[in-house]
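A.B. asks: This is the structure, below, for whatever I ask next.
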Amino acid sequence: MNDILNKKDNIKLIDIAFSKTAILGLLLFIRLIPFKDFNMTSGVSFVFPGDLEEYLLRRYKKLSKKVKSDSDSIKRFIFFFRLNKIDGIEVKYE
């Protein structure tokens, strides 16, 4: 998995549900919980069509400045939460 916001490649992720249902080419916003040798998700994800990568990055750089918080993590979550309502793909948790 690659992190396009922080430009990091080959992130090791362990998530049984994602491994069974993920579709190659989609963009995911997830919050990682890091461990020594791998990462897990926090359980919440926002999914976007893969062809929106440049659009999402442009909008994030512009609109995240409007989120009133000193925390970059909170800014990212609020931004992608809002954008998910407009451009996201519905995720069903079972």
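Going by numbering that gives the first Met the number 0, the residue at position 80 of the sequence shown is 79; the numbering climbs one at a time, nothing skipped.
We treat Cβ as the ideally placed atom computed from N, Cα and C, and that holds for glycine.
1) Roughly how far, in whole angstroms, is the beta-carbon of Phe78 from the beta-carbon of Ser63, given that I think they are within contact range, below 8 Å?
2) Work out the CA separation of Asp36 and Glu89 for me, nearest whole Å.
3) Leaving out five residues before and five after Leu25 in sequence, what residues of the same chain have Cβ atoms less than 8 Å from its Cβ?
4) If you draw a straight line from the C-alpha of Met39 to the C-alpha of Ile29, how long is it?
5) Tell me the DSSP bridge mates of Met0?
C.D. replies: In short, the structure shows the following:
1) Indeed they touch by this definition, with Cβ atoms about 5 Å apart.
2) Taking the straight line joining both Cα atoms gives about 30 Å.
3) Val46, Phe47, Pro48, Gly49, Ile88
4) 9 Å
5) Answer is none; Met0 lacks a bridge partner.
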